[in-house]
Amino acid sequence: MIVFRYDKTYEGLLTAVFDAYFRKTFPDKLLGTDDIEPMFAEESFTVITQSDKAARVWKSLEKKLSANACNMLTYVWLSEEEGSDELLFQYIRKTVDSKRTIETNFADEVVLKVHKLAMKVSKERLRMIQFVRFQKAADDVFFAPVSPDHNCLPLAIDHFQDRFADQKWILYDTKRDYGFYYDLKTVTEMTLETSALFPEGKLDEALMAEDEKLFQQLWKTYFKSMAIKERINPKLHRQLMPKRYWKYMTEKQ
Amino acid sequence: MFPSKWLTLYSMNEAILEKLKVLAESAKYDVSCASSGTTRKNIPGGIGNAQGWGICHSFTEDGRCVSLLKIMLTNHCIYDCAYCINRRSNDLPRATFSVSELVELTIEFYRRNYIEGLFLSSGVVRNPDYTMERLVRAIKDLRTVHRFNGYIHMKSIPGASEQLVREAGLYADRLSVNVEFPTEQNLKLLAPEKDHASVYKPMSFIQQGMLENKEDRRKFRSAPRFAPAGQSTQMIVGATSENDKQILQTSAALYQRPSMKRVYYSGFIPVNSYDNRLPALKQPPLVRENRLYQADWLMRFYEFKVDEIVDDRYPDLDLEIDPKLSWALRHPEVFPVDVNKADYSLILRIPGIGVKSAKLIVMSRRYAKITGSALKKMGVVMKKAQYFITCNELPVHTVHEASPEYVRKVLTEKKLPKSKQIDQQQLSLIFE
């Protein structure tokens, strides 16, 4: 078994592809720099991430794949799912080795898996757009914590920037401990120094804007009165709005 | 002592909470909550945008999408429609929003990402034009003074004048007038103040406005848009004697109009059980409603004609199986379909294959023949599809060998809980 080690970055993965073609040996397994070596590894190679190599691989992919398929690869990377890097490696290899594009051959297992995983991330991106709840802080910044399964927050930023262009906001991924701040002009990535500002997903009451409580209460009232009791269907409710997102949703608190 | 400012603030909040509750309760029986059909970027200094595909921001406990702030301007009404909760003769709390309250609610909800926009309707006060004018004034204020750029759906009041409908279209993304019942006779029976003309007239005003606007925009690209997301309507199911054929034929006729985007079906909920013109129902007809939506989808996305779904021999939809399967079992001569060769439109007709998997099949078969296991991985429901396809493999047990009756029986069998299951070793025999 041939093992490649790399730094678990997207660039690192693309560099690994470059090195594999250069060395003409292809890994059976991709490991992080500190992972434990499997028992029967014959050869272990450590990839040193180089952005020029990664850029060359990406450029050749852009030539062979549609923009849509390239986006799909990024989505799969951001899924952060176990083994998604190996899946991407296989997909890229298939693309490079094939004369014509393979991107619509869904009878191929790798292609279908990439498609499905990308769809999963895309679906969660949509759920961010649906279920994010902003709370207005006293300094007029709208704050929303999230904790998605996949690292899909960066994919949704464009939407929020266009929609909420005239208010300052922070979208914060509490699981990965980073977020984005919009200051009416640009969006910057940021990390909060303390997470004590939002115990259990709510902004501390001392930090809330004066009317924030009122609007939260209004929204809850509205949500409750919208349900038609003759039609209650908890299974469907959970299917459409899975429980794991309720933590930060005003109407579900 | 509290300063008096605080006291008034507090009681004001209480009042607005109460109003919101009353007016939301009154509006919730309208089914539509779609926010699709318009794509609009933010404008400098404006609030919000619109996404063409619509976004549901929450789901109520009955599993309906909450996309818009669905609210009535007032639930006072001079009409006395038998099926409606807000009818004049009902004794229930009544309230009216002022324009500024409505605007503030919409914008503050929008800023917190609770909603996509506003769905505004109203009970009829004084006369249709007076009511319509108040609605138009509210959305005009929202759009022009507060530069609200999100989605607005406005209910057009039956019987409103052309001029007001034309004005509403300038500010709303979607307008709607509810048909309520396919036959005029039933509409008049349950809503004595309405007739078909009062419904179909505003509908054609909207249509006219849209067509003229299309023409104008061809000449001047900057011409303001008129109801860019078209119109929708709603029918109540199960309150009157109409069969599914009448309902679906009405929908099909409505979909002939280029501006008609959606027809909604609302399973009748007996809110006024004392009225003996209405049937006594234990449960709203939810299964029938679901089958009607499935039939609606067949017409809009699966290239089915209405006569193929319901006809004189089968005027009602089968409640046990979905309309597509039902069609397939009535037409076994079409099957089995070879997924490696058949046209896209024929693949769409196979039970168990939806739009998504049909597209995947058509794309993938250019590379290699598709096998049964590949179909399964693509998301085809093989439990249904297996009786209707061939795919380059050994001949299988199709609907011809098995007979439509057998397929129907197998697919409608209820799965018993483990404790009640009889010995699975025993083969079941089918007698015909």
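Chains as they are written, first to last, in the working numbering: chain A, 14 to 266; chain B, 15 to 446. Virtual Cβ for every residue (Gly too), placed ideally from N, Cα, C. Everything numeric in this text was worked out from a predicted model, so none of it was measured.
Which residues in the same chain have their Cβ closer than 6 Å to the Cβ of residue i, if we skip the five residues on either side of it in sequence?
{"i": "TYR104/A", "result": "VAL123 and VAL127"}
{"i": "THR404/B", "result": "PRO350 and ASP352"}
{"i": "PHE219/B", "result": "GLU176 and VAL179"}
{"i": "ALA131/A", "result": "MET85, TYR88 and VAL89"}
{"i": "TYR316/B", "result": "LEU362"}
{"i": "ASN227/B", "result": "PHE240"}
{"i": "ALA67/A", "result": "GLU24, LEU27 and THR28"}
Could you give the DSSP three-state label for residue i: helix, strand or coil?
{"i": "HIS167/B", "result": "strand"}
{"i": "GLN400/B", "result": "coil"}
{"i": "VAL36/B", "result": "helix"}
{"i": "CYS79/B", "result": "strand"}
{"i": "SER212/B", "result": "helix"}
{"i": "LEU21/B", "result": "At LEU21/B, the pLDDT of 47 sits below 50, so the modelled position is not reliable; the number obtained from the coordinates is stated separately. Note: LEU21/B maps to helix in three-state DSSP."}
{"i": "THR145/B", "result": "helix"}
{"i": "TYR381/B", "result": "coil"}
{"i": "TYR269/B", "result": "helix"}
{"i": "PHE17/A", "result": "strand"}
{"i": "ASP352/B", "result": "strand"}
{"i": "TYR195/A", "result": "strand"}
Just to check my reading of the structure: residue i and residue j have Cβ atoms closer than 8 Å, yes? What is that Cβ distance to the nearest angstrom?
{"i": "LEU43/A", "j": "GLU99/A", "result": "5 Å"}
{"i": "THR234/A", "j": "LYS33/B", "result": "That pair is no contact at about 10 Å."}
{"i": "LYS181/A", "j": "TYR195/A", "result": "6 Å"}
{"i": "VAL200/A", "j": "ILE245/A", "result": "Their Cβ separation, rounded to whole angstroms, is 40 Å, which puts VAL200/A and ILE245/A out of contact at 8 Å."}
To the nearest angstrom, how far is it from the Cα of residue i to the Cα of residue j?
{"i": "GLU257/A", "j": "GLU264/A", "result": "This sequence places Arg at residue 257/A; Glu is not what is there. Their backbone Cα atoms lie some 14 Å apart in a straight line."}
{"i": "GLU118/B", "j": "LYS77/A", "result": "51 Å"}
{"i": "GLU446/B", "j": "LYS428/B", "result": "In this predicted model, GLU446/B has a pLDDT of only 46, less than 50, meaning its place in the structure is not dependable enough to derive any value."}
{"i": "ASP187/B", "j": "PHE133/B", "result": "10 Å"}
{"i": "PHE16/B", "j": "GLU28/B", "result": "Residue placement at PHE16/B is flagged as unreliable, the pLDDT there being 48, under the threshold of 50; the coordinate-derived value follows with that caveat. Taking the straight line from one Cα to the other gives about 17 Å."}
{"i": "LYS242/A", "j": "CYS79/B", "result": "15 Å"}
{"i": "ASP209/B", "j": "ASN257/B", "result": "20 Å"}
{"i": "VAL139/B", "j": "PHE162/B", "result": "27 Å"}
{"i": "ILE121/B", "j": "VAL410/B", "result": "59 Å"}
{"i": "GLU50/A", "j": "ARG189/A", "result": "27 Å"}
{"i": "LEU106/B", "j": "GLN263/B", "result": "37 Å"}
{"i": "LYS226/A", "j": "LYS149/A", "result": "9 Å"}
{"i": "MET313/B", "j": "PRO346/B", "result": "20 Å"}
{"i": "VAL134/A", "j": "LEU91/A", "result": "8 Å"}
{"i": "PHE53/A", "j": "PHE17/A", "result": "14 Å"}
{"i": "MET254/A", "j": "LYS55/B", "result": "27 Å"}
{"i": "ARG344/B", "j": "PRO272/B", "result": "31 Å"}
{"i": "THR28/A", "j": "GLN143/A", "result": "36 Å"}
{"i": "GLN230/A", "j": "PHE58/A", "result": "58 Å"}
{"i": "ILE183/A", "j": "GLY59/B", "result": "20 Å"}
{"i": "ARG302/B", "j": "SER265/B", "result": "15 Å"}
{"i": "LYS129/A", "j": "THR412/B", "result": "30 Å"}
{"i": "ILE384/B", "j": "THR117/A", "result": "13 Å"}
{"i": "SER394/B", "j": "SER371/B", "result": "Here the sequence assigns Val to residue 394/B, which means Ser is not the residue at that position. Those two C-alpha atoms are separated by around 6 Å."}
{"i": "ILE375/B", "j": "ASP65/A", "result": "38 Å"}
{"i": "TRP20/B", "j": "HIS160/B", "result": "Only weak support exists for where TRP20/B lies, its pLDDT of 49 falling under 50; the value from the coordinates is given anyway. Their Cα atoms are separated by approximately 27 Å."}
Looking only at its chain, what residues have a beta carbon closer than 8 Å to the beta carbon of residue i, apart from the 5 residues adjacent to it on each side?
{"i": "ILE261/B", "result": "PRO196, MET249, VAL251, TYR279 and LEU306"}
{"i": "THR22/A", "result": "THR62"}
{"i": "ILE69/B", "result": "SER49, SER81 and GLU130"}
If you compare alpha carbons, which of the options is closest to residue i?
{"i": "ARG102/B", "options": "ILE367/B, GLU198/B, TYR93/B and THR247/B", "result": "TYR93/B"}
{"i": "VAL145/A", "options": "ALA67/A, THR28/A and LYS260/A", "result": "LYS260/A"}
{"i": "LYS154/B", "options": "SER170/B, GLY183/B and SER136/B", "result": "GLY183/B"}
{"i": "PRO40/A", "options": "ILE49/A, VAL30/A and ASP48/A", "result": "VAL30/A"}
{"i": "ALA48/B", "options": "ILE57/B, SER72/B and LEU31/B", "result": "SER72/B"}
{"i": "LYS391/B", "options": "ASN406/B, ILE335/B and ILE367/B", "result": "ILE367/B"}
{"i": "ASP32/A", "options": "THR207/A, LEU168/A, LYS129/A and PHE102/A", "result": "PHE102/A"}
{"i": "TRP67/B", "options": "HIS160/B, LYS275/B, GLU194/B and GLU147/B", "result": "LYS275/B"}
{"i": "TRP311/B", "options": "VAL277/B, SER340/B and LEU295/B", "result": "VAL277/B"}
{"i": "ASP175/A", "options": "ILE61/B, ALA388/B and ARG327/B", "result": "ILE61/B"}
{"i": "HIS250/A", "options": "ASN100/B, LEU156/B, MET86/B and GLY77/B", "result": "GLY77/B"}
{"i": "ARG422/B", "options": "THR158/B, LEU339/B and ALA388/B", "result": "LEU339/B"}
{"i": "GLN245/B", "options": "GLN270/B, ASP230/B and LYS259/B", "result": "GLN270/B"}
{"i": "ALA174/B", "options": "VAL191/B, VAL394/B, ASN200/B and TYR185/B", "result": "VAL191/B"}
{"i": "ASN141/B", "options": "LEU331/B, HIS414/B, ASP289/B and SER212/B", "result": "SER212/B"}
{"i": "THR46/A", "options": "TYR19/A, GLN252/A, ASP179/A and LYS37/A", "result": "TYR19/A"}
{"i": "SER287/B", "options": "ASN304/B, ALA253/B and LYS319/B", "result": "ALA253/B"}
Spatial neighbours of residue i within its chain, please: C-beta separation below 7 Å, excluding the five flanking residues on both sides.
{"i": "ARG291/B", "result": "ALA96, LEU203 and LEU204"}
{"i": "PHE123/B", "result": "LEU83 and ILE129"}
{"i": "GLU115/B", "result": "ILE30"}
{"i": "GLU137/A", "result": "PRO161, ASP162, HIS163 and CYS165"}
Let me see if you follow: with CB-CB separation under 8 Å, is residue i close to chain D or not?
{"i": "LEU168/A", "result": "Included in the structure are the protein chains A and B, with no chain D among them."}
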